[in-house]
Amino acid sequence: MKFHYLVLIAVTAVLLSRFVPMGFFEGVIFDFAVLVTLPIIFLLILKVNLKDVLLGFGNLKPGLKYSVLIFAVALPVMAYGSTLSDFSQYYPIWKPASDSTWNFILYESAIAIRMLATEFFYRGFLMWTLMEKMDERYANLIHSFVYMLMHIGKPPLEVPYSFIGGYVFAWVDLRSKSILPSFLIHFLGSLVFDLMIINQVFICL
18 MKFHYLVLIA VTAVLLSRFV PMGFFEGVIF DFAVLVTLPI IFLLILKVNL
68 KDVLLGFGNL KPGLKYSVLI FAVALPVMAY GSTLSDFSQY YPIWKPASDS
118 TWNFILYESA IAIRMLATEF FYRGFLMWTL MEKMDERYAN LIHSFVYMLM
168 HIGKPPLEVP YSFIGGYVFA WVDLRSKSIL PSFLIHFLGS LVFDLMIINQ
218 VFICL
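Take 18 as the starting number for the sequence shown in our numbering and just add one per residue.
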């Protein structure tokens with residue numbers, strides 16, 4: 018019965034996060050509410066130890082090692098992606114981010130909050146929920162597929178890339194017993210990619 022409730026919470030959170038229309042900053046706050054606050058309330062009601070959903074520092078040494086390796090592999094892919102019009106027209110999501118340093122800092126701070134919510138929900142809550150009923154490999158495949166679906170509507174290349182990224186992120190986090198490695202990779206990757214996009218826009222001008 019607990020599993021059914023967990024799935025219901027997960028599906029509700031995903032649908033609300035994906036389909037409720039709102040502005041960028043309002044969306045960040047809303048995402049944090051439905052992807053973090055709602056699941057945590059439910060987990061506390063069930064008396065689940067939040068370390069089980071990878072909240073905490075865990076064992077960061079292997080996680081940081083993997084993070085550096087993944088970032089190094091992803092860097093040339095990001096460099097290539099930043100030259101594609103699909104990406105340069107889509108990012109940064111909040112267009113005023115490229116107008117000033119302050120706007121950029123404000124935007125990336127909001128992105129950090131959204132990334133933290135994303136990593137907790139997908140790599141923490143959703144993976145833990147699925148692993149209540151199946152082994153890690155199948156849980157990771159299903160979780161990565163759901164994560165990929167949430168990227169439909171973004172630049173096409175990002176859709177399959179998100180499946181691979183989601184699978185690798187979860188694999189690393191489970192071995193680190195923390196969502197911090199995937200959060201760091203995800204946020205720093207997004208930050209660097211935005212800088213690549215913005216700098217190319219300036220070069221073109």
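Cβ atoms here follow ideal geometry from the backbone N, Cα and C, with glycine treated the same way.
{"Item": "Which of helix, strand or coil DSSP assigns to Lys112", "Value": "helix"}
{"Item": "Proximity of Gly183 and Tyr164 at Cβ, strictly below 8 Å", "Value": "yes"}
{"Item": "Where Lys150 falls: helix, strand or coil (DSSP)", "Value": "coil"}
{"Item": "Where Ile62 sits in the DSSP three-state scheme", "Value": "helix"}
{"Item": "DSSP state of Ile223 mapped onto helix, strand, coil", "Value": "No answer is possible for residue 223: it lies beyond the span of the chain, which begins at 18 and ends at 222."}
{"Item": "Alpha-carbon spacing of Trp145 relative to Thr135, whole angstroms", "Value": "14 Å"}
{"Item": "Unbroken alpha helix (DSSP H) run spanning Pro172, endpoints", "Value": "Note, Pro172: premise wrong, no alpha helix (DSSP H); not H, not E."}
{"Item": "Pick from Lys171, Leu166, Ala96 that is closest to Gln106, judged by C-alpha positions", "Value": "Lys171"}
{"Item": "His160 and Leu143 closer than 8 Å at C-beta", "Value": "yes"}
{"Item": "Unbroken alpha helix (DSSP H) run spanning Pro198, endpoints", "Value": "197 to 221"}
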